[in-house]
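*Asks:* For the sequence shown, UniProt numbering begins at 1 and goes up steadily by one.
Every residue gets a Cβ at the ideal spot worked out from N, C-alpha and C, and that includes glycine.
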Amino acid sequence: MDARGVFLYTNVKTKDSLDFTGGLNLNRLVFSEDLASDTTPLKVLARDVSTCSEGADAAIVAGRCNENAENIQAAIADAEKYVKDNFVFGDVVINLAVFGATPGTPLSDIFLGQDDDDKFVPGANKDFIETRGGKDQIFYSGVDIDDGALEDSIFDFSFTDDTIFLDGGDFNVDALIFLAIQLFGPNGVEDFTGNKTDLAAIRPDTTFWVLLNTDNGQFGPDEIFNARAAAMQISGVLDAINAFPGAGFLIYFNEGLQLTRLVYTPNLRDGNAPLSVLARFVDKKGRAARDALFSWNAGNFLLGGSNTDFL
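1) Quick one: residues in its chain with C-beta nearer than 6 Å to the C-beta of residue 24, no 5 flanking neighbours on either side, listed in chain order?
2) Beta carbon of residue 8, beta carbon of residue 27: below 7 Å?
3) With C-beta atoms as the reference, is residue 174 less than 7 Å away from residue 141?
4) Quick check: the Cα distance between residue 117 and residue 134, rounded to an integer number of angstroms?
5) Count the other CB atoms, across all protein chains shown, that sit within 10 Å of the CB of residue 162; report buried if there are 16 or more and exposed otherwise.
6) For residue 249 and residue 206, which I take to be in contact (beta-carbon distance under 8 Å), what is that distance rounded to the nearest angstrom?
7) Whose CA, out of 183, 167 and 56, lies closest to the CA of residue 176?
8) Evaluate the contact criterion for the segment 273-280 versus the segment 236-244: three or more CB pairs, one atom per stretch, below 8 Å.
9) Using the beta-carbon count (16 or more within 10 Å), is residue 261 buried or exposed?
10) Given a threshold of 16 other Cβ atoms within 10 Å of its Cβ, counted over all protein chains shown, does residue 192 qualify as buried or as exposed?
11) Mind checking whether residue 145 and residue 301 have CB atoms under 7 Å apart?
12) Could you please give the first and the last residue of the uninterrupted alpha helix (DSSP H) stretch that includes residue 291?
13) For residue 164, which three-state DSSP category applies?
14) How far does the alpha helix (DSSP H) with residue 61 in it extend, from its first residue to its last?
15) Check whether the segment 222-236 touches the segment 268-275, counting contact only when three or more Cβ pairs, one atom from each stretch, lie closer than 8 Å.
16) Would DSSP call residue 72 helix, strand or coil?
17) Tell me which residues share the same chain as residue 79 and place their Cβ nearer than 7 Å to its Cβ, disregarding the 5 neighbours each side in the sequence.
18) Which residues in the same chain have their Cβ closer than 6 Å to the Cβ of residue 284, if we skip the five residues on either side of it in sequence?
19) What's the gap between the Cα of residue 77 and the Cα of residue 58?
20) Let me know the secondary structure DSSP gives residue 284 once reduced to three states.
21) For residue 334, count neighbouring C-beta atoms within 10 Å of its own C-beta (all shown protein chains included) and say buried if the count is 16 or more, exposed if not.
22) For residue 70 and residue 50, what's the separation of their Cα atoms in angstroms?
23) Whole angstroms is fine: what's the gap from residue 346's alpha carbon to residue 297's?
24) At which residues does the alpha helix (DSSP H) containing residue 49 begin and terminate?
25) Cα separation between residue 43 and residue 258?
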């Protein structure tokens, strides 16, 4: 029976007269060739220094967290937060193709670019994409909105060089009409202080929306600005101008995750339509991600007819 696997544990050992070094006081991820054996060699894959009160840099230099109750308790509390979705099983895919694109696998993949003009075709699973240098393209199609499709993580998207290629046939979108705009209030038209959206600036056939606002004016623990709240704003605006653009896409800042996401909806007019999160952009968080909303431009996206157009 194959008993290979990984485990996460908190490395703690209090100093005593026989051990003057103590434990590492942090969590480590370990690989074992045989989880059923207590003598098999172990490979430490990673240590997490994010719980060290003295700071990650100091912990990295020391190779451990300071031994104190705060660090030990923080590591234990952090270990208790891990869930199944924090881990994925997949392949590392390095783009070595001279022509064409690097395809993913049915598993979750890690795509690594080659500082060249790379093309990536992630699948429906949860993939991780680092494009690196060059003018890179990432392809999204119908498989990314099928039941069970998962959100990708893009680590280093360049607003000046990289492009997301969208299969118009699969997404039922005939043209990408791009708009970056600030919307006000839960309905996208007006907030409670009287700030109003510039409805005259909105084409009724807009199919790609970048929301420059990072909330909808609603505050409180249950009022996080998420994909549904963003979709409701767009729906309210389209209702106000009596527009029916059909399917489309939106870029918005997720207030809870503190990062930017790319979302597809089969019906922009319907704020309750099913939403498919295609990707999250993880290289910028917090204020950096909010500021980067103003860097998105129409040149970052292409609409094609099929994978053949992409290749």
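*Replies:* So, from the listed chains and residues:
1) 11 and 64
2) yes
3) no
4) 5 Å
5) buried
6) The pair is not a contact, with the Cβ atoms about 10 Å apart (cut-off 8 Å).
7) 167
8) no
9) buried
10) exposed
11) no
12) 287-292
13) strand
14) 56-62
15) yes
16) helix
17) 8, 10 and 27
18) 292
19) 21 Å
20) coil
21) Nothing in the structure corresponds to residue 334, since the chain is present only between 1 and 311.
22) 13 Å
23) Residue 346 lies beyond the stretch modelled for the chain, which goes from 1 to 311, so this question has no answer here.
24) Run containing residue 49: none; DSSP gives neither H nor E here.
25) 33 Å
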